Each structure stands twice: as C-alpha cells, then as structure tokens.
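K.L.:
Residue numbers (full-length UniProt numbering): 1 to 332.
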C-alpha cells in the first residue's frame with residue numbers, strides 16, 4: 001500500500017473512495033421547496049382567512065355601498081334608487097357636519113392631551129420607583145374593562161344625587177351631576193372617560209418602547225454634557241418615534257369609529273352635543289329605519305378612515321415600514 005506523500009494529500013483522502021462533494025446546485029435544491037408545493041401550502045393557510053375577510057369585511061362594504069344609493073327602510077329589497085342623494089343629504093345635515101367637527105375636537109384633544117400624558121407617565125414609571133409594578137397595573141387596568149362597562153361605571157359615578165362624583169362635588173360646593181347634561185361640558189366629559197379607558201394602553205406601548213432603548217445611549221449623552229431634558233429630546237424621543245406614530249394612528253382611527261361609550265353615556269345628547277358619526281349612523285339605521293341614509297354615513301366613515309390610513313402610511317409611516325419589506329423571491 002502506498003502512503004500519501006504529503007500531509008495535504010492525507011487530509012484530502014482517496015478520490016476513488018470518498019463521495020463526491022455536493023455542488024452549488026445540489027445545496028440550492030435541498031434548501032428550496034418546489035414552487036408548486038409552496039403554492040399549495042400558502043393556499044391551505046390563506047384560504048380560511050381570505051374567506052372570513054371577504055365575508056366580514058368586503059361583503060358588508062359592498063352591501064352598504066349598494067344600499068346607500070337607495071331610499072330604503074331595511075325591509076325587503078331596495079327599489080327606490082336615488083343615486084347620491086343620501087351623500088348630499090349627509091353633508092347638508094347640520095348634525096352630520098357637527099359630527100365631523102366633534103370628531104376633529106376629540107382627535108385634537110387626544111393628540112394634545114392623552115398621548116403626551118401617557119408618554120410622560122411612561123417615562124416616570126420607567127424610573128426605579130418603589131412599587132412601580134403596582135402603578136403600572138393600576139394605570140393599565142381600565143383598558144381591560146369593556147367600553148360598555150366603562151360607560152356604565154362613569155354613569156353611576158356622575159349620577160345626580162347618588163353618584164360618588166356628585167357627592168364629592170357637593171362637598172366642594174360644585175355640581176358634577178350635570179357634566180353629561182350640559183352641552184358645554186358633555187364632549188369634554190366624554191373625552192375624559194375615553195382617555196381613562198385607553199390611557200393605560202398607550203402608556204404600556206411607550207413604556208415597552210422605552211425599555212427597548214439601550215441605557216448606554218442616554219448615559220453617553222449625559223456624559224457628553226447634555227441635560228436630562230436634552231438627552232430625552234435628542235436621544236430618547238427620536239427612538240420612540242415609531243411607537244408614537246403608531247399610537248397616533250390608533251387614536252385617530254379609534255376616534256372616527258367611537259360609538260359604544262358615547263351611546264351608553266349620553267345617547268349623543270344633549271341636543272347632539274356629544275354625537276359622533278357612528279351614533280348618527282345607528283340612530284338613523286336602527287331607530288328611524290332609514291337604512292339607505294345610514295349606509296351612506298357608514299361609507300363616509302369608511303372612506304375617511306381609508307384615506308387617512310393610506311395617507312398616514314404613505315407619508316408618516318414610510319420610514320418605519322421601509323425596513324419591514326423583504327424580498328421574497330431573492331436568493332436564499
């Protein structure tokens with residue numbers, strides 16, 4: 001038997017007995033499934049979700065769009081075609097125009113008051129405070145309650161002559177039992193209830209985002225001579241940007257669709273002072289049986305949400321979503 005003449009020959013082994021090394025094409029074939037198999041797997045997993053989306057989202061939008069072109073009471077099939085008259089009526093209706101204005105006020109209050117307060121509290125609870133876990137639980141607990149439960153709770157609290165809020169206000173020589181009955185204060189009272197309900201959600205979002213920022217960045221800024229406010233303004237706040245932008249999006253879309261808490265608290269009153277688009281839609285669709293007009297209002301709400309979502313994603317969320325786009329067809 002002949003021995004290898006060099007160490008390198010010994011490491012390579014005998015070409016006659018060693019199996020051939022797999023080429024690049026062999027490795028790629030092992031790591032990639034056939035396209036027909038991948039398409040079948042995608043179809044199996046996507047079909048149930050696609051069917052539900054078509055039945056629960058697309059179909060109601062199409063039905064509402066069709067019904068909005070008719071003067072229809074909801075019984076039988078729509079027959080009295082009136083075209084775009086329901087949309088014209090909506091924008092000529094002072095109540096609906098007031099709904100648009102009140103929705104704008106609620107959005108503005110949410111962006112100016114609710115989200116900054118949630119951010120400030122999240123930064124405070126990120127500090128090494130004693131019992132901060134209990135504080136987080138206390139502030140997040142209202143979000144667990146349903147909207148109807150929250151509305152009933154505050155209705156009892158501010159109930160005249162028997163509510164806790166009214167008793168405290170009476171002790172302070174004030175009148176809290178009329179906050180939901182006064183046209184000048186009811187909208188702000190509804191905003192406080194909505195903020196109490198959703199404040200904890202935004203606080204936890206900001207807190208989770210803040211804990212994902214390395215402490216070394218703020219410490220380095222302070223070491224370089226920056227104050228605590230400057231470190232927050234120029235280091236922490238920009239890194240919280242994606243979470244802030246998502247919170248703004250959720251707040252605006254939720255305000256456009258606000259219904260249940262307003263309906264339980266005030267029914268949109270007094271004198272339409274707290275009425276929203278969703279409350280007006282429910283009033284005409286399920287109490288006055290003007291389903292065609294209510295469908296037109298629902299389509300306006302849908303278009304407002306859609307236009308805002310597309311604009312916001314295109315302009316504001318563009319930087320955040322750019323890094324999430326992957327090339328599915330690229331080489332592995």
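Backbone N, C-alpha and C define an ideal beta-carbon position, used for all residues, glycine too.
Remember, predicted model here, so these are calculated numbers, not experimental data.
Is it true that the stretch 202-215 meets the stretch 183-194, where meeting means three or more beta-carbon pairs spaced less than 8 Å apart?
P.N.:
no
K.L.:
In its own chain, which residues sit with a C-beta less than 6 Å from the C-beta of residue 107, not counting the 5 before and 5 after it?
P.N.:
Excluding positions up to five away in sequence, the list reads 252, 255.
K.L.:
Mind checking whether residue 268 and residue 71 have CB atoms under 9 Å apart?
P.N.:
no
K.L.:
Can you tell me whether residue 234 is buried or exposed? The criterion is at least 16 other CB atoms within 10 Å of its CB, across all chains shown.
P.N.:
exposed
K.L.:
Does DSSP put residue 81 in a helix, in a strand, or in coil?
P.N.:
In the structure shown, residue 81 sits in a strand (DSSP, three-state: E or B).
K.L.:
Taking Cβ to Cβ, would you say residue 155 is nearer than 9 Å to residue 258?
P.N.:
no
K.L.:
Whole angstroms are fine: how far does the CA of residue 79 sit from the CA of residue 198?
P.N.:
Answer to the nearest angstrom: the Cα atoms are 43 Å apart.
K.L.:
Taking only the alpha-carbon atoms, compute the straight-line gap between residue 75 and residue 271 and give it to the nearest angstrom.
P.N.:
30 Å
K.L.:
Go through the stretch 224-296 residue by residue and report every complete run of the alpha helix (DSSP H) that reaches 4 residues or more, in order.
P.N.:
228-231, 241-256, 260-265, 277-282
K.L.:
State the Cα-Cα distance for the pair residue 56 and residue 211, rounded to the nearest angstrom.
P.N.:
37 Å
K.L.:
Under a Cβ-count criterion, where at least 16 other Cβ atoms within 10 Å of its own Cβ denotes burial, should residue 229 be classed as buried or exposed?
P.N.:
exposed
K.L.:
Could you tell me which of 318, 98, 104 sits nearest to residue 246, measuring between CA atoms?
P.N.:
318
K.L.:
Return the chain-ordered list of same chain residues with a C-beta closer than 6 Å to the C-beta of residue 46, the five sequence neighbours on each side being excluded.
P.N.:
none
K.L.:
Is it buried or exposed for residue 227, if we count other Cβ within 10 angstroms and need 16 for buried?
P.N.:
Residue 227 is exposed by the Cβ-count criterion.
K.L.:
Which first and last residues belong to the alpha helix (DSSP H) in which residue 181 is found?
P.N.:
Premise fails: residue 181 is in no alpha helix (DSSP H) and is neither H nor E.
K.L.:
Which ranges does the alpha helix (DSSP H) cover as unbroken runs of at least 4 residues, wholly within the stretch 32-69, from first to last along the chain?
P.N.:
DSSP runs (the alpha helix (DSSP H)) wholly in the stretch 32-69: 35-53, 59-67.
K.L.:
So, residue 90 versus residue 297, is the Cβ gap smaller than 9 Å?
P.N.:
yes
K.L.:
Hey, how far is the Cα of residue 243 from the Cα of residue 200?
P.N.:
14 Å
K.L.:
Output yes or no for whether 9 Å exceeds the beta carbon distance between residue 299 and residue 120.
P.N.:
For the 9 Å CB-CB criterion, residue 299 and residue 120 do not form a contact.
K.L.:
Taking Cβ positions, are residue 85 and residue 279 nearer each other than 9 Å?
P.N.:
no
K.L.:
Is residue 260 near residue 151, with beta carbons less than 9 Å apart?
P.N.:
yes
K.L.:
Given this structure, state the Cα-to-Cα distance separating residue 192 from residue 163, to the nearest angstrom.
P.N.:
17 Å
K.L.:
Using the beta-carbon count (16 or more within 10 Å), is residue 133 buried or exposed?
P.N.:
exposed
K.L.:
Exposed or buried, what is residue 102 when buried is set at 16 or more other beta-carbons lying within 10 Å of its beta-carbon?
P.N.:
buried
K.L.:
Distance, Cα to Cα, residue 96 vs residue 285?
P.N.:
14 Å
K.L.:
Per DSSP, what kind of secondary structure is residue 152 in: helix, strand or coil?
P.N.:
The three-state reading of DSSP puts residue 152 in helix, counting H, G and I together.
K.L.:
Who are the near neighbours of residue 222 in its chain, counting only those whose CB is closer than 6 Å to its CB and skipping five residues on each side?
P.N.:
231.
K.L.:
Taking the alpha helix (DSSP H) that residue 101 belongs to, which residues open and close that run?
P.N.:
94-109
K.L.:
Using three-state DSSP, classify residue 72 as helix, strand or coil.
P.N.:
coil
K.L.:
Compute the Euclidean distance between the alpha carbons of residue 263 and residue 301, then round it to the nearest angstrom.
P.N.:
17 Å
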